[in-house]
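For reference, the structure is listed below as structure tokens.
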Amino acid sequence: MDLNYSPEETVFRDEVRAWLKDNLPDELRDKVVNYEELTKEDLLRWQKITAERGWGAPDWPEEWGGTNWTIVQRHIFEEECGHAGCPPRIPFGVSMCAPVLHQFGTQEQKQRFLPDMYNGDVFWCQGYSEPGSGSDLASLKTSAVREGDSYVVNGQKIWTTWAQYADWIFCLVRTSTDFPKRQQGISFLLMDMNTPGISVRPLMLMDGGHEVNEVFFDDVRVPAENLVHEENDGWTVAKYLLGHERLGTGNTGASKREVLRLKELAAQQHKNGKPLIDDPRFRDRLSRVEVELMALEITNLRFLDQMRGGRAPGAEVSLLKIRGTEIQQALTELMLEAVGPFAQPFRSLHATDFDQHTASIAPRYCNYRKTSIYAGSNEIQRNIISKASLGL
Amino acid sequence: MNFDYSEEQQLLAQSIRQFLTKEYTFAARQAVIESDQGYSEQVWATFAEMGLLGLPFASEVGGFGGNAVDLMPVMEAIGDGLIVEPYLASVGLGGQFIARGGSQAQKQEILPALVTGQCKLAFAQTEREARYNLAHVACRAEKTENGYTLEGEKCVVLHAPCADKLIVSARTAGQTTAADGISLFVVDRSAPGVTLTSYRTIDNLRAADMRFAGTVVPAEALIGQEGQALPLIEAVVDYATALVCAEAIGAMQFANDTTLEYLKTRKQFGVPIGSFQALQHRMVDMTIICEQAKSMACLACVKADSADADERRRIISAAKIHIADACRHISQEAVQLHGGMGMTEELKVSHTFRRLTMIAQTFGDADHHLERFAACG
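This is the structure we're talking about:
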């Protein structure tokens, strides 16, 4: 048993670390570590920077720009990016739509969409959830009716992250209701967000941020060539994507950075004249989260070690998602409590000495409630483990 | 990076599993714990034959030079089978003091006998007021012309009743909680002036409260330097803590396996109770906690002998915090999901519950280790 990276992996880690130090722009890093909202330009800029280094889409096939890294190298890269404070990779194009195109797309579709994604020229979003279809995704109703060379799309998507930035959207739509099972009759369709009939309405969240939207489709004509895979068999695509989506959801690199941040913060705050970090009640709770994070980090490595032989990730990914998000949420909660009364100030009106940093902590706590809800709620993840690993 | 057991470790694990299923069945164990001695000489002899007693010791004394990771499969099996023989006390604690701090003469006298099963050891450290503070030693050793005279009490010395020799901590200088002035001695359990009040523990081990009244030991009984034993005690207890974490993994895995089996077979309302989501999610949480605990046990065993004492302390405490929490959660849930049956003496899970309950606070509970972890920065 050896828990250390191999010499080659250590060299790789140092290379990534050094590259990030030289290439992650301070403005981007500052926004990330100070929990400021990232613009479309910020997100695409980071994609462009990684693309220039040839690291724009590590897990793609090599012919399209993939790095041919081992699973451990990919993990190291994600960890280092998280720890350094990089903007998140825009997941919808490079990490979600692209794997689908690699697996199911035609050569034309690949050539048309992949290079723009890689180079950060086109911003993608994901149209899955609907008002009546959350965890029960197969109940979706947005319809696409074939008329000649087009599909005519009508319906509504919801929780569409960054739809306000998006140039394109990939959607699950219902192309038929004539099948016995609801999973049948669904298709995977790509749409230009500028197509007439598509409108985006912001859903403002309790942290004051604009991340998610409702997207409405009103007689939207989509060229039939934008269909990926066979008509009515989109569920196969959706399932493939789900299996592809969640490795690295533990986010341990970023959480380690947040622990350091929390310790700094708790050292600056005072309780009874002593630094808060020396208060046993606070300290114990911080320690338990640190220990839980340590355990998750090792668990993550154990799973990677098991998958090295090429075994596909299974329900382990659900474990990482559950624990990773619980830790992220616990950290935001401890930060909120660490700053005490200063968690309250929210938006500066006229004050000149307004502390933007402490003011961002409560909104972030609010915002992070999303993590146990999105990407398959933690309850759905438990259902997956229950069925897939335990056979219940 | 590699989390697998080596081929040798796997073979060892396999042979212990075979021993467990063939010879250390739940019924066989019941007979052992109800016997007068509370352990089986035959099992102990088998352990010696299998090479388990020599696993961590040097080849010069008949051992195999293994590290804490080599002992992990053994400890997991001990947890799984709820083995009551004094393995941790003899191999994980007593023998370690001799191997790490003992003189050549002590090593030659004790370790070969330990390896062949002729000598069992116990560690007499805990005192009434000490709780988990290893520096709290009130028991005194007065220097005499030819050696030392021990005076004082020790409590809950696990496996003392069957031990041939005891490793006893006693103060040769300083105040009760001073870091300096603690010494270790090898004392025959049958030496004059040593009295034991023996009893059974809640998890069916044997232990004793001990009294040393004018117990005379020769100068050669001292382990290492006089008054300088605390770092050795800390190192050995950290090592044993890593081992008990591995034992907990075996016990938790059993608790989870048997609970899952119960959920699939027990029927109510005409269906297996495992079809209820309220129970499924609890079982999933037990599974997640066990996986996380395994990771921490691996980490603890890999770092148990780290040359960097600060790193070792930090990791061992982190592991013990996690394992203590996991022991509580899994043992309680296992009983709950078994319903009334989980409470009964006749079901093994209630015995596993008791062992996990005790492991949670062996060598320090979560609060103790939270304090130590925080002190590491």
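Each protein sequence line maps, in turn, to chains A and Y.
Sequential numbering from 786 applies to the first sequence in the working numbering.
Sequential numbering from 33 applies to the second sequence in the working numbering.
Ideal placement from N, C-alpha and C gives every residue a C-beta, glycine not left out.
All of these numbers come straight from a predicted model, not from anything done at the bench.
Between the segment 830-848 of chain A and the segment 801-813 of chain A, the count of C-beta pairs closer than 8 angstroms reaches three or more; the two stretches touch.
CA-CA distance, A/E915 to Y/A325, rounds to 38 angstroms. For Y/Y164, not one C-beta of chain A is nearer than 8 angstroms to its own C-beta.
Under DSSP, no beta-bridge partner is assigned to Y/V169.
Exposure of Y/G372 is indicated by the presence of fewer than 16 other C-beta atoms within 10 angstroms of its C-beta. Listed by position along chain Y, the residues whose Cβ is nearer than 9 angstroms to that of A/N808 form an empty set, because the closest Cβ is around 27 angstroms away. Judged by DSSP in its simplified three-state form, A/I983 adopts strand. Rounded to whole angstroms, A/Q1054 and A/T1117 show a C-alpha spacing of 16 angstroms. Contact between Y/H313 and Y/K352 fails: their C-beta atoms lie close to 27 angstroms from each other, not under 8 angstroms.
By alpha-carbon distance to A/G970, the top candidate from A/T946, A/A929, A/N1163 is A/A929.
At least one beta carbon of chain A lies nearer than 8 angstroms to the beta carbon of Y/G306. Just measuring C-alpha positions, the residue of Y/Q50, Y/P193, Y/G259 sitting nearest Y/A121 is Y/P193. Legend: CB atoms of the segment 1086-1116 of chain A lying less than 7 angstroms from CB atoms of chain Y belong to residues L1086, R1087, D1090, L1104, I1107, R1108. A/T1156 and A/R1149 have their C-alpha atoms spaced approximately 11 angstroms apart. Any Cβ of chain Y closer than 8 angstroms to the Cβ of A/Y790 would place that residue at the interface, and such an atom is present.
With a cut-off of 8 angstroms on Cβ pairs, the segment 74-81 of chain Y is not in contact with the segment 38-46 of chain Y, counting fewer than three such pairs. Pairing Y/K175 with Y/A60, the inter-Cα distance amounts to about 47 angstroms. In the three-state DSSP reduction, Y/A195 falls in the coil class, being neither helix nor strand. Annotated three-state conformation of Y/Y231 is strand, per DSSP.
Following the DSSP letters along the chain, one finds A/F1127 in no beta strand (DSSP E), marked with neither H nor E. Residues of the segment 346-369 of chain Y with a C-beta atom less than 7 angstroms from some C-beta of chain A are A350, I353, H354, listed in chain order. In chain order, E822, P1148, N1152 place their CB closer than 8 angstroms to the CB of A/G994, counting only its own chain and leaving out the 5 sequence neighbours on each side.
Going by DSSP, Y/D289 is part of the alpha helix (DSSP H) stretching over 262-297. Apart from the 5 residues on each side of it in sequence, A/A1039 sits with its Cβ closer than 6 angstroms to the Cβ of G867 in its chain, given in chain order. Listed as beta-bridge partners of A/M991 by DSSP are no residues whatsoever. Following the DSSP letters along the chain, one finds Y/C333 inside the alpha helix (DSSP H) bounded by residues 309-335.
Around A/Q1129, the same chain offers A1147 as residues with beta carbons nearer than 8 angstroms, after the five sequence neighbours per side are excluded.
By the Cβ criterion, the segment 985-1000 of chain A is not in contact with the segment 1008-1020 of chain A, since fewer than three pairs of Cβ atoms, one from each stretch, lie closer than 8 angstroms.
Residues of the segment 316-334 of chain Y with a Cβ closer than 9 angstroms to any Cβ of chain A, in chain order: V316, D317, T319, I320, E323, Q324, A325, K326, S327, M328, C330, L331, C333, V334. Y/I142 and Y/V268 have their C-alpha atoms some 17 angstroms from each other.
Annotated as proximal: A/T927 and A/V958, with beta-carbon spacing under 8 angstroms. Within a 10 Å sphere around the beta-carbon of A/P872 sit 16 or more other beta-carbons, which makes this residue buried. Interface with chain A (8 angstroms Cβ-Cβ cutoff): Y/M33 is included. Nearest Cα to A/G940 within the set A/W953, A/V985, A/D952: A/V985. Taking 8 angstroms as the upper bound for CB-CB distance, Y/M315 and A/L1177 are in contact here, some 7 angstroms apart. The residue among A/Y950, A/S924, A/Q894 with its C-alpha nearest the C-alpha of A/D906 is A/Y950.
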